[in-house]
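Engineer: When the letters of the sequence shown are read in order and numbered with this note's numbering, they come out as residues 224 to 608.
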Amino acid sequence: MKSKLTRLIEAKLRTTLRDMPVLKRHALQLLERRDRRRHSAWRQNPSLVRALPRKMTVAVTAACDQRCTGCRYGRDFMPGHMLETGLALRLLEDASAAGVTMVRLYGGELLLHPELPTMIRHSIALGMSTYVTTNGILLGKRAKEVHDAGLRGLTIGYYGDGAAYDRYVGAVGRHAKLTRSLETVRDRFGDDFQIQLNYLVMRPSCNLEALQKARAYCERFDLRFNTDLIHYSLPYFSEGPERELRFRPEDEADVHAFVDALLAWRREDPRRLTEPGASLRSIPDWLFLGPNLRIPCDAYKLLWVGADGTVQLCYVTFPLGNLHEQRLSDMLGTAKHHEAARAAFCLECPGCHCERSHRIAKDAPSFERYSRDDGGASFRASASV
Numbered sequence: 224m225k226s227k228l229t230r231l232i233e234a235k236l237r238t239t240l241r242d243m244p245v246l247k248r249h250a251l252q253l254l255e256r257r258d259r260r261r262h263s264a265w266r267q268n269p270s271l272v273r274a275l276p277r278k279m280t281v282a283v284t285a286a287c288d289q290r291c292t293g294c295r296y297g298r299d300f301m302p303g304h305m306l307e308t309g310l311a312l313r314l315l316e317d318a319s320a321a322g323v324t325m326v327r328l329y330g331g332e333l334l335l336h337p338e339l340p341t342m343i344r345h346s347i348a349l350g351m352s353t354y355v356t357t358n359g360i361l362l363g364k365r366a367k368e369v370h371d372a373g374l375r376g377l378t379i380g381y382y383g384d385g386a387a388y389d390r391y392v393g394a395v396g397r398h399a400k401l402t403r404s405l406e407t408v409r410d411r412f413g414d415d416f417q418i419q420l421n422y423l424v425m426r427p428s429c430n431l432e433a434l435q436k437a438r439a440y441c442e443r444f445d446l447r448f449n450t451d452l453i454h455y456s457l458p459y460f461s462e463g464p465e466r467e468l469r470f471r472p473e474d475e476a477d478v479h480a481f482v483d484a485l486l487a488w489r490r491e492d493p494r495r496l497t498e499p500g501a502s503l504r505s506i507p508d509w510l511f512l513g514p515n516l517r518i519p520c521d522a523y524k525l526l527w528v529g530a531d532g533t534v535q536l537c538y539v540t541f542p543l544g545n546l547h548e549q550r551l552s553d554m555l556g557t558a559k560h561h562e563a564a565r566a567a568f569c570l571e572c573p574g575c576h577c578e579r580s581h582r583i584a585k586d587a588p589s590f591e592r593y594s595r596d597d598g599g600a601s602f603r604a605s606a607s608v
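(1) I'd like to check one pair, T540 with P573: are the Cβ atoms closer than 8 Å?
(2) Taking the Cβ atom as the reference point for each residue, do A587 and S270 lie within a distance shorter than 8 Å?
(3) Is DSSP giving C441 helix, strand or coil here?
(4) Closer than 8 Å is the cut-off here; do at least three beta carbon pairs connect the stretch 433-442 with the stretch 453-467?
(5) Would you kindly work out how many angstroms separate the C-alpha atoms of Y296 and L486, rounded to a whole number?
(6) Check each candidate in Y593, R592, R582, R595 and name the one with the smallest Cα separation from L254.
(7) DSSP state of S352, grouped into three classes?
(8) Taking 8 Å as the threshold, find out whether the stretch 423-439 comes into contact with the stretch 382-394 through three or more Cβ pairs.
(9) Rounded to a whole number of angstroms, what is the C-alpha to C-alpha distance between N515 and C577?
(10) Does DSSP put D492 in a helix, in a strand, or in coil?
(11) For G544, report the span of its beta strand (DSSP E) as first-last.
(12) What are the boundary residues of the alpha helix (DSSP H) that F511 is part of?
(13) With a Cβ-Cβ cutoff of 8 Å, do M342 and S319 count as a contact?
(14) On the CB-based measure, 16 or more other CB atoms within 10 Å of its CB, does S589 come out buried or exposed?
(15) What are the boundary residues of the beta strand (DSSP E) that includes Y189?
(16) Leaving out five residues on either side along the sequence, give the residues of the same chain with a beta carbon under 7 Å from the beta carbon of M301.
(17) Which word fits D597, buried or exposed, when buried means at least 16 other C-beta atoms lie within 10 angstroms of its C-beta?
(18) Consult DSSP for M554 and reduce its assignment to one of helix, strand or coil.
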């Protein structure tokens, strides 16, 4: 376990690096090289893999105020469940003591949890970098509460502009409500909130017109841009009626054109589109090869907690226990925990593309493949991977 002083020093170092982007970039490159050496050794001998929890994702509630086509939260995934505040605070304490440095709080829609500011304040006080993922609809109403609690970073799911957004979330006028929330936040807090738009790359949104509108939206509200890919293995994922969200073989040319536009945008505005080029170039392979793209998983660093208290290594599988039956501290560092880490690394699971940017950076063959500078074009070798 880390001492309180060690955790505070690490938190201060993270804050310092955040304000020194050049130094931060070099530090991250050093860590990536270290991790590539580690992954190369683990590929040769998977028995060396150990669980090293550093990032925890917590669904504080399964309730949601939207009905997105691709998500079952708020309907039949953990319906009616919400983490009790005391349970959540103990969870955060145990995670910090175990070496977790980053916490992501989400839902469902986490702004529906009445005690969210208490959780944010406690997580930050423990020295962990803390951010939230929200649909943003209630952000205008609750921004002051979470800002007063110390929150400065958040990500917002985005599914297209105007009517396209409303169709995906299942209600008319929702894009307008999101826009009003962002107007309120920027008017009241300026750039004191760092906001990232997580653009869901799915069949309906993967076109150049939709991307150009998203870019204009980011520039209007000073948002960073990141891509999320439509899933194929998350337990709360839905493909929609007639699998309308899923890409088809005939869509491959459109996907490559979309990725090429992303790479061009990144060259023009790297401050806004911070996702590495290697991650962007890999998008077609993740979408069309799915679990057949065998890049070792770094879920050994992850923990996922559901609104019903379920603790897993990751979003998809590898259950470790339930907070209603035992504390997180009793689940971590056990033989079961390390076995799950090894199984995840070896892809003994349904497969997913979670954490794809980090996985590519840590896997030497993948890093070399997708980091090739071919004039900014996406990687066109899906059939050969």
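For each residue, glycine too, the CB sits at the ideal point set by N, CA and C.
Structural biologist: Let's see:
(1) Yes; because the gap between Cβ atoms is below 8 Å, this pair is in contact.
(2) No. Outside cutoff.
(3) Reduced to three states, the DSSP call for C441 is helix.
(4) The stretch 433-442 vs the stretch 453-467: no contact.
(5) Taking the straight line joining both Cα atoms gives about 32 Å.
(6) If you compare the alpha carbons of Y593, R592, R582, R595 with that of L254, the shortest gap goes to R582.
(7) Three-state DSSP puts S352 in a strand.
(8) Result yes; three or more Cβ-Cβ pairs closer than 8 Å.
(9) The C-alpha of C577 is placed about 14 Å away from the C-alpha of N515.
(10) D492: coil per DSSP, three-state reduction.
(11) Segment 542-545, the beta strand (DSSP E) holding G544.
(12) Per DSSP, the continuous alpha helix (DSSP H) segment holding F511 begins and ends at 506-512.
(13) No, the Cβ-Cβ distance between M342 and S319 is not below 8 Å.
(14) Under this definition S589 is a buried residue.
(15) The displayed coordinates of the chain run from 224 to 608. Any statement about residue 189 would go beyond what the structure contains.
(16) Excluding residues within five positions, the ones whose Cβ falls inside 7 Å are A285, G529, A530, D531.
(17) Low confidence applies here, because D597 scores a pLDDT of 47, under 50, leaving its location unreliable; read the following figure in that light. With fewer than 16 Cβ atoms within 10 Å of its Cβ, D597 is classed as exposed.
(18) In the structure shown, M554 sits in a helix (DSSP, three-state: H, G or I).
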